[in-house]
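Going down the list, the sequences are from chains B and C.
Each residue of the first sequence is one higher than the one before, counting from 1 in our numbering.
Each residue of the second sequence is one higher than the one before, counting from 1001 in our numbering.
Protein chains: 2
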Amino acid sequence: MNDPSGIREGEVAVELPPGFDAGLYFIGRIRTPWTSRDDCPKNGRESDAVCTIELDPRYAAGLQNVESCSHLLVLYWMDKARRDLLLQAPRHYSQHRGTFALRSPVRPNPIAASIVRLLEVEGSRLSVVGLDCLDGTPLLDIKPYFASTDAVPEASVGWHVERES
Amino acid sequence: MNDPSGIREGEVAVELPPGFDAGLYFIGRIRTPWTSRDDCPKNGRESDAVCTIELDPRYAAGLQNVESCSHLLVLYWMDKARRDLLLQAPRHYSQHRGTFALRSPVRPNPIAASIVRLLEVEGSRLSVVGLDCLDGTPLLDIKPYFASTDAVPEASVGWHVERES
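This is the structure:
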């Protein structure tokens, strides 16, 4: 059924470019209760576990004013994911879909984006609710969440609605 | 007033690590009407200009099902931004703030995240509304926007509210 490279039936891979175009710094680590892919919740709203964002103390001064944010947009690096699939069938969906129509970690640049509720900032550690990633996941960025530009309650994902109905 | 390195009064820089931890592929380019920083809108809701996301045709198969999304989360690379400021005073704010409390392009990993409204997918080109970046900005990722996990209309940014009142 599955071929030796780990591609499932109907999945399509692309040949990635020979080199990278830009570089990332891991600026911290995310601490969660989940140590295997199968333990992770399907998305950040599925669990109310308190997770900890451990920012490298080198960057701690950048947290000024963060305590005034109720919610944050957190970017992190899904370092366990393959990067070459364009059509894929994630574990909880039966049908394959285009990578850019999925939130799967498998994508050319495996950057995950999650909205979290901020509980507390203590030095360079943030307690938050709303993450779904593996313990030890590398942190890329923390941004304030602005409802005025980031919240679109009426947004819809057609293929997902169809699946549910 | 400004020192030769371009740091304004009250801004604080950090010494960045000697090397990168991960690499990014530029998977396309964003076409906008804005060719200088000063022309760019302050944020994506400030303009209703139609912009074009030109995905590298190599990845076009990944767009399957994207046409069913009303809104997308677009990640792109602010390649003109310095990466070492932890406290900064962006052009439209008088006071300096922590980098992680700002959406400024200046940050250790200058990845921007914008929510756009999708108008049309045509081959590997997407017409969207809601971007604020320079013409030619490198594209990193396209994700479906799920209101159920991404929309938090009640979110607040305390420092910003105080500034407005």
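In this text, a Cβ means the ideal position worked out from N, Cα and C, and glycines have one as well.
Whole angstroms are fine: how far does the CA of residue j sit from the CA of residue i?
| i | j | result |
| --- | --- | --- |
| Ile97(B) | Asn1065(C) | Checking the sequence, you will find Arg at residue 97(B) rather than Ile. Taking the straight line from one Cα to the other gives about 6 angstroms. |
| Glu1120(C) | Val1128(C) | 7 angstroms |
| Asn2(B) | Pro18(B) | Note on Asn2(B): pLDDT 44, under 50, position unreliable in the model; no value is reported. |
| Cys1051(C) | Ala1060(C) | 18 angstroms |
| Arg125(B) | Leu140(B) | 14 angstroms |
| Gly23(B) | Ile1111(C) | 11 angstroms |
| Ala1049(C) | Tyr1145(C) | 20 angstroms |
| Asn109(B) | Leu1118(C) | 21 angstroms |
| Phe26(B) | Glu1067(C) | 33 angstroms |
| Leu1134(C) | His1071(C) | 21 angstroms |
| Leu75(B) | Arg31(B) | 14 angstroms |
| Pro90(B) | Gly1062(C) | 14 angstroms |
| Asp79(B) | Pro1041(C) | 34 angstroms |
| Pro105(B) | Ser1114(C) | 19 angstroms |
| Ser156(B) | Phe100(B) | 15 angstroms |
| Asp1021(C) | Val116(B) | 24 angstroms |
| Gly130(B) | Gly1130(C) | 25 angstroms |
| Asp39(B) | Asp1039(C) | 47 angstroms |
Could you tell me which of the options sits nearest to residue i, measuring between CA atoms?
| i | options | result |
| --- | --- | --- |
| Asp56(B) | Thr35(B), Gly123(B), Glu154(B) | Gly123(B) |
| Leu102(B) | Arg1103(C), Val1157(C), Leu1073(C) | Leu1073(C) |
| Trp159(B) | Cys1069(C), Ala1049(C), Gly1023(C), Gly1006(C) | Cys1069(C) |
| Gly1006(C) | Ala1081(C), Phe1146(C), Ser1114(C), Val1116(C) | Ala1081(C) |
| Glu54(B) | Thr137(B), Val157(B), Asp79(B), Tyr145(B) | Thr137(B) |
| Gly1028(C) | Glu1015(C), Trp1077(C), Asp1039(C) | Trp1077(C) |
| Arg1058(C) | Pro105(B), Val116(B), Leu16(B), Ser114(B) | Leu16(B) |
Would you decide whether residue i is buried or exposed? Buried here means 16 or more other CB atoms lie within 10 Å of its CB.
| i | result |
| --- | --- |
| Lys1143(C) | buried |
| Val1161(C) | exposed |
| Ser1148(C) | exposed |
| Asp1132(C) | buried |
| Arg1107(C) | buried |
| Ser165(B) | Bear in mind that a pLDDT of 43 at Ser165(B), under 50, signals an unreliable position, so the number given afterwards is only what the model happens to contain. That one is exposed. |
| Ser94(B) | exposed |
(message) Does the contact criterion of 3 or more C-beta pairs under 8 angstroms hold for the segment 1039-1050 of chain C versus the segment 41-54 of chain B?
(response) no
(message) Taking 8 angstroms as the cut-off, does the segment 23-39 of chain B touch the segment 1144-1164 of chain C (at least 3 CB pairs, one atom from each stretch)?
(response) no
(message) Taking contact to mean 3 or more Cβ pairs, one atom from each stretch, closer than 8 angstroms, check whether the segment 7-22 of chain B and the segment 74-85 of chain B are in contact.
(response) yes
(request) Within the segment 36-82 of chain B, note down every full beta strand (DSSP E) run reaching 3 residues or more, in order along the chain. (result) Taking only runs of at least 3 residues, the beta strand (DSSP E) segments lying wholly in the segment 36-82 of chain B are 50-55, 71-77.
(message) So within the segment 107-131 of chain B, which uninterrupted alpha helix (DSSP H) runs reach at least 4 residues, ignoring any that extend past its ends?
(response) none
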